[in-house]
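Here is the structure we will look at.
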Amino acid sequence: MKLLDGKLIADQIKAEIATEVKVQFLDKGLEPPHIAAILVGDDPASMTYVAAKEKACREVGFISSVYRYPSNITQEKLLEAVEFLNADEEIDGFIVQLPLPAQIDEYKIIERIDPHKDIDGFHPVNIGKMVLNLPCFLPATPFGIITLLDRYQVETAGKNIVVLGRSHIVGTPVSIMLSRKSTPGNATVTLCHSQTMDIASIASRADILIVAMGKMGFVTADMVKKDAVVIDVGVHRIPSTETKSGFRLKGDVDFDRVSRKCSYITPVPGGVGPMTIVSLLQNTLKAAKKEII
Ligand code: GUN
Numbered sequence: 006m007k008l009l010d011g012k013l014i015a016d017q018i019k020a021e022i023a024t025e026v027k028v029q030f031l032d033k034g035l036e037p038p039h040i041a042a043i044l045v046g047d048d049p050a051s052m053t054y055v056a057a058k059e060k061a062c063r064e065v066g067f068i069s070s071v072y073r074y075p076s077n078i079t080q081e082k083l084l085e086a087v088e089f090l091n092a093d094e095e096i097d098g099f100i101v102q103l104p105l106p107a108q109i110d111e112y113k114i115i116e117r118i119d120p121h122k123d124i125d126g127f128h129p130v131n132i133g134k135m136v137l138n139l140p141c142f143l144p145a146t147p148f149g150i151i152t153l154l155d156r157y158q159v160e161t162a163g164k165n166i167v168v169l170g171r172s173h174i175v176g177t178p179v180s181i182m183l184s185r186k187s188t189p190g191n192a193t194v195t196l197c198h199s200q201t202m203d204i205a206s207i208a209s210r211a212d213i214l215i216v217a218m219g220k221m222g223f224v225t226a227d228m229v230k231k232d233a234v235v236i237d238v239g240v241h242r243i244p245s246t247e248t249k250s251g252f253r254l255k256g257d258v259d260f261d262r263v264s265r266k267c268s269y270i271t272p273v274p275g276g277v278g279p280m281t282i283v284s285l286l287q288n289t290l291k292a293a294k295k296e297i298i
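Numbering (my numbering), first residue to last: 6 to 298.
Here it is in structure tokens:
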């Protein structure tokens, strides 16, 4: 078994981005790319994610701003916040951290984001372009997964890929991206979800298994073909006395047993997570260079 080391690849890409910031922006007297995040409420996972993005921005020389709002913000006020960032010429791209509180209609907020600043790739215009294989902002987690497969030269063409989970953020877009006529891509993709019959037997036929269902340790060794490639998107915090923070992270895959059977596997942490963050930086760079029009 070999690790698909997301941290290592993300660090390489960050170094590439930092060079590009220097050569393409600073040396030419231009402002570096500027990313903003809207953070509503105090969900711990969202706060961790936004803090990780800010740290990554500092590492590559981007400017980053966070706009914080209380969890009782109204839909109108949040739409105004989006409009404000749409209009701010200094900001190249921004995200609205999800999930949003119950009184907010998530889709109304996402639809209001200027597609040219939608570095999360969640706007229907970007999703439509992604389906049609046109230049667009790709959603960060699927983009990170594809980049990881690409950098490790994992062949996807003609392979059986099984995706577990059909979320709008991960499962649905990654299944589309890997079935498109592109590299990586050209795979035969099966998308499994809560209504799928006999997930275990479908998963066990996968050459590449992508797990994004949000169920800790769901994938056991008997569900994985020998020498398969396993991508674990799950992130679960469990209490731990061995770490400073008081918790540690686990994925959707039983890593200890599955790793003995597969050819490649992503660890949690240090697999898909760092690739998600670096993909957002790549999208911001594209926004700043006005590559997506
Ligand atoms: N919540 C969990 N993942 C994401 C993401 O990629 N983008 C945003 N905006 N919110 C998230």
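Cβ atoms here follow ideal geometry from the backbone N, Cα and C, with glycine treated the same way.
As the structure is a computational prediction, the values presented were derived from the model and not from experiment.
Here the distance from the Cβ of GLN102 to the nearest heavy atom of the ligand GUN is below 6 Å.
Between the beta-carbon of LEU103 and that of GLU111 there is about 7 Å, and that keeps the pair under the 8 Å contact cut.
In the three-state scheme derived from DSSP, where H, G and I count as helix and E and B as strand, TYR157 is classed as coil. Taking C-beta separations shorter than 8 Å and ignoring five residues to either side along the sequence, the partners of ALA208 in its chain run VAL167, LEU169, CYS197, LEU214, VAL224, MET228 and VAL229, following chain order. For ASN288, the three-state secondary structure derived from DSSP is helix. A heavy atom of the ligand GUN is found nearer than 6 Å to the CB of ASP125. Around the beta-carbon of ILE298, fewer than 16 other beta-carbon atoms lie within 10 Å, marking it exposed. Taking the Cα of LEU286 as reference, the smallest distance to any Cα among ALA205, ARG210, GLY276 and ASP123 is reached at ASP123. At a threshold of 6 Å, ALA162 does not count as near the ligand GUN, since its beta carbon sits no closer than that to any of the ligand's heavy atoms. When distances are taken from the beta-carbon of ALA61 to the heavy atoms of the ligand GUN, even the shortest one reaches 6 Å or more. Taking the Cα positions, ARG253 is about 43 Å away from LYS33.
Counted as a single uninterrupted DSSP element, the beta strand (DSSP E) harbouring THR195 occupies residues 193-197. Out of ARG242, PHE67, VAL65 and LYS82, the CA that lies nearest to the CA of ARG73 is found in LYS82. Assigned with DSSP and collapsed to three states, PHE252 falls in strand. In the DSSP secondary-structure assignment, PHE127 is not bridged to any residue. DSSP places ASN165 within a strand segment (E or B) once states are collapsed to three.
Residue environment: ASP10 is assigned as buried (16 or more neighbouring CB atoms within 10 Å of its CB, all protein chains considered). Linking LYS12 to GLU64 through their CA atoms gives a straight-line distance of about 14 Å.
Put simply, of LEU90, ASP155 and LYS7 the residue whose alpha carbon is nearest the alpha carbon of MET182 is ASP155.
Between the C-alpha atoms of ILE270 and ILE236 there is a straight-line separation of about 6 Å. Classified as buried, ALA61 has 16 or more neighbouring CB atoms from the shown chains inside 10 Å of its CB. DSSP places ILE213 inside the beta strand (DSSP E), whose first and last residues are 213-216. Using a Cβ distance threshold of 7 Å, ALA23 and ILE282 do not count as a contacting pair.
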